[in-house]
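K.L.:
Residue numbers (the numbering used here): 5 to 269.
1) Going along the chain, which residues of its own chain have a beta-carbon closer than 7 Å to the beta-carbon of residue 95, five neighbours each way excluded?
2) Rounded C-beta distance between residue 128 and residue 175? I'm assuming under 8 Å.
3) Per the DSSP calculation, residue 191 is bridged to which residue(s)?
4) Distance check for residue 216 and residue 252, CA to CA, integer angstroms please.
5) Compute the Euclidean distance between the alpha carbons of residue 7 and residue 214, then round it to the nearest angstrom.
6) What did DSSP end up calling residue 121 once you bin it into helix, strand or coil?
7) Rounded to a whole number of angstroms, what is the C-alpha to C-alpha distance between residue 263 and residue 63?
8) Under 8 Å by Cβ, that's how I've got residue 147 and residue 212 pegged, so tell me the actual separation to the nearest angstrom.
9) Return yes when the Cβ of residue 164 is within less than 8 Å of the Cβ of residue 117, no when it is not.
10) Under DSSP, the alpha helix (DSSP H) around residue 259 begins and ends at which residues?
11) Which residues share a DSSP beta bridge with residue 141?
12) So, at 8 Å on beta carbons, what are the nonlocal neighbours of residue 271 in its own chain, with the 5 sequence-adjacent residues on each side left out?
13) Using the C-alpha atoms, what's the distance from residue 196 back to residue 270?
14) At 3 residues or longer, what runs of the beta strand (DSSP E) sit wholly inside the segment 17-81?
15) Taking a contact to mean a Cβ-Cβ separation below 8 Å, would you say residue 189 touches residue 236 in this structure?
16) Excluding the five sequence neighbours on either side, which residues of its own chain have a C-beta within less than 6 Å of the C-beta of residue 229, listed in chain order?
17) Kindly give me the distance between the Cβ atoms of residue 5 and residue 39, rounded to whole angstroms, as I take these residues to be in contact under 8 Å.
18) Start and end of the alpha helix (DSSP H) containing residue 87?
19) So which of 254, 167, 108, 114 has the shortest CA-CA distance to residue 22?
20) Would the beta-carbon of residue 271 fall within 8 Å of that of residue 114?
21) What do you reckon, are the CB atoms on residue 122 and residue 248 nearer than 8 Å?
22) Look at the alpha carbon of residue 68 and the alpha carbon of residue 183, and state the distance between them as a whole number of angstroms.
23) Alpha carbon to alpha carbon, how far is residue 125 from residue 135? Give it in angstroms, no decimals.
24) In whole angstroms, give me the CA-to-CA distance for residue 48 and residue 245.
25) If the criterion is Cβ atoms closer than 8 Å, does the pair residue 218 and residue 51 meet it?
26) For residue 225, does the count of other Cβ atoms within 10 angstroms reach 16, so buried, or fall short, so exposed?
27) Are the CB atoms of residue 181 and residue 139 within a distance shorter than 8 Å?
This is the structure in structure tokens:
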């Protein structure tokens, strides 16, 4: 199979899974293993296509990000999402990621950790669906600073490969009193800064693996991930309230079983 076809397949996988609560890392490892595309080049490629997914969120929410630059609304009594919400949603995971970056990359990126994380994340999502109380925030503009911080603390779980950033933040949002749509939208909004930091650090460390001959392959993966991620984000917001997290939790358990069969055994 040519590298360009592999790039297209993995771009689809990244776009489909990055913003769904099913672990993009787990899927990329599994599919990469099945395609025989592994090693340092594959790791660098994953960083590049994640940038494509991030660009999709920036395009979808650029007006919202621009509004965060209006600092005059901070601390005002009228409810409105501001930069402090984003900082509270990002800072805990950013600190954990920076402090434990080398440990995570060297010790936690293993099939066994991914399997455990897939199952643990599934349990969290089922728990969040069953235990969330009355929704007190029906839009992101109604989120309190306390809710934003709660979601940010749950996002710390996402530093563990296979746990899923979307799964942990949306679960945290439900348990904090946000409805499904609000939890998903805030999850998207805090994804960009945390992913820019994480992938930026990885990209700097991977630059020496990039060669001009790889540009077509990387470009195909980047563009594919961008287009697919944008479509998935739009549809996911619309259907999440109807289907909930439980169906994704069961999917994660099935994925963990596939991981055991094809990667570990």
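No residue lacks a Cβ here, since even glycine has one placed at the ideal position from N, Cα and C.
P.N.:
Walking through what the data contain:
1) Position 91 of the chain shown, counted from the start, is the residue given in the question as residue 95. The residues are 156.
2) Numbered from its first residue, the chain shown carries residue 128 at position 124. Numbered from its first residue, the chain shown carries residue 175 at position 171. Right, the Cβ-Cβ distance comes to about 5 Å (below 8 Å), so this counts as a contact.
3) Stepping through the chain shown from its first residue, residue 191 is reached at position 187. As DSSP reads the structure, residue 191 sits in no beta bridge.
4) Within the chain shown, residue 252 is the residue found at index 248, counting from 1. Within the chain shown, residue 216 is the residue found at index 212, counting from 1. Cα-Cα distance, rounded: 39 Å.
5) Position 3 of the chain shown, counted from the start, is the residue given in the question as residue 7. Position 210 of the chain shown, counted from the start, is the residue given in the question as residue 214. Taking the CA atoms as reference points, residue 7 sits about 15 Å from residue 214.
6) Against the chain shown, residue 121 aligns to sequence position 117. The three-state secondary structure of residue 121, taken from DSSP, is helix.
7) The residue given as residue 263 occupies position 259 in the chain shown. The residue given as residue 63 occupies position 59 in the chain shown. Answer to the nearest angstrom: the Cα atoms are 33 Å apart.
8) Translated into the one-based positions of the chain shown, residue 147 becomes position 143. Translated into the one-based positions of the chain shown, residue 212 becomes position 208. Not quite, the Cβ-Cβ distance comes to about 42 Å (not below 8 Å), so this is no contact.
9) Numbered from its first residue, the chain shown carries residue 117 at position 113. Numbered from its first residue, the chain shown carries residue 164 at position 160. In this structure, the beta-carbon distance from residue 117 to residue 164 falls below 8 Å.
10) Reading the chain shown from its first residue, position 255 is the one you call residue 259. Looking at the DSSP string, the run of the alpha helix (DSSP H) that includes residue 259 is 250-263.
11) Sequence index remark: in the chain shown, residue 141 carries index 137 (1-based). According to DSSP, residue 141 bridges with 182.
12) Look at the range of the chain in this structure, 5 to 269, and you will see that residue 271 is not part of it.
13) Outside the displayed range of the chain (5 to 269) lies residue 270, so it cannot be described from this structure.
14) Listed in chain order, nothing qualifies, since the segment 17-81 has no complete beta strand (DSSP E) run of 3 or more residues.
15) Within the chain shown, residue 189 is the residue found at index 185, counting from 1. Within the chain shown, residue 236 is the residue found at index 232, counting from 1. In this structure, residue 189 sits away from residue 236, with a CB-CB distance that is not shorter than 8 Å.
16) Taking the chain shown and counting its residues from 1, one reaches residue 229 at position 225. If we look at residue 229 and ignore the five residues flanking it on each side, its Cβ neighbours are 15, 18, 19, 53, 56, 57.
17) Locating residue 5 in the chain shown gives position 1, counting from the first residue. Locating residue 39 in the chain shown gives position 35, counting from the first residue. Confirmed, Cβ separation roughly 7 Å.
18) Here residue 87 refers to the residue found at position 83 when the chain shown is read from its first residue. Its alpha helix (DSSP H) spans residues 87-107.
19) Numbered from its first residue, the chain shown carries residue 22 at position 18. Among 254, 167, 108, 114, the Cα nearest to that of residue 22 is on 167.
20) Given a span of 5 to 269 for the chain in the structure shown, any question on residue 271 remains unanswerable.
21) Taking the chain shown and counting its residues from 1, the one referred to as residue 122 is at position 118. Taking the chain shown and counting its residues from 1, the one referred to as residue 248 is at position 244. Taking 8 Å as the cut-off, the beta carbon of residue 122 is found no closer than this to the beta carbon of residue 248.
22) Residue mapping note: residue 68 aligns to position 64 of the chain shown, counting from 1. Residue mapping note: residue 183 aligns to position 179 of the chain shown, counting from 1. Distance between the alpha carbons of residue 68 and residue 183: 19 Å.
23) Here residue 135 refers to the residue found at position 131 of the chain shown. Here residue 125 refers to the residue found at position 121 of the chain shown. Spanning the alpha carbons of residue 135 and residue 125 requires a straight line of approximately 15 Å.
24) The residue labelled residue 48 in the question sits at position 44 within the chain shown. The residue labelled residue 245 in the question sits at position 241 within the chain shown. Approximately 35 Å between the Cα atoms of the pair.
25) Along the chain shown, read from residue 1 onward, the residue named residue 218 stands at position 214. Along the chain shown, read from residue 1 onward, the residue named residue 51 stands at position 47. Cβ distance not < 8 Å, so residue 218 and residue 51 don't count as in contact.
26) Within the chain shown, numbered from 1, the residue matching residue 225 stands at position 221. By the 10 Å Cβ count, residue 225 comes out buried.
27) Mapped onto the chain shown, residue 139 falls at position 135. Mapped onto the chain shown, residue 181 falls at position 177. Going by C-beta atoms, residue 139 is nearer than 8 Å to residue 181.
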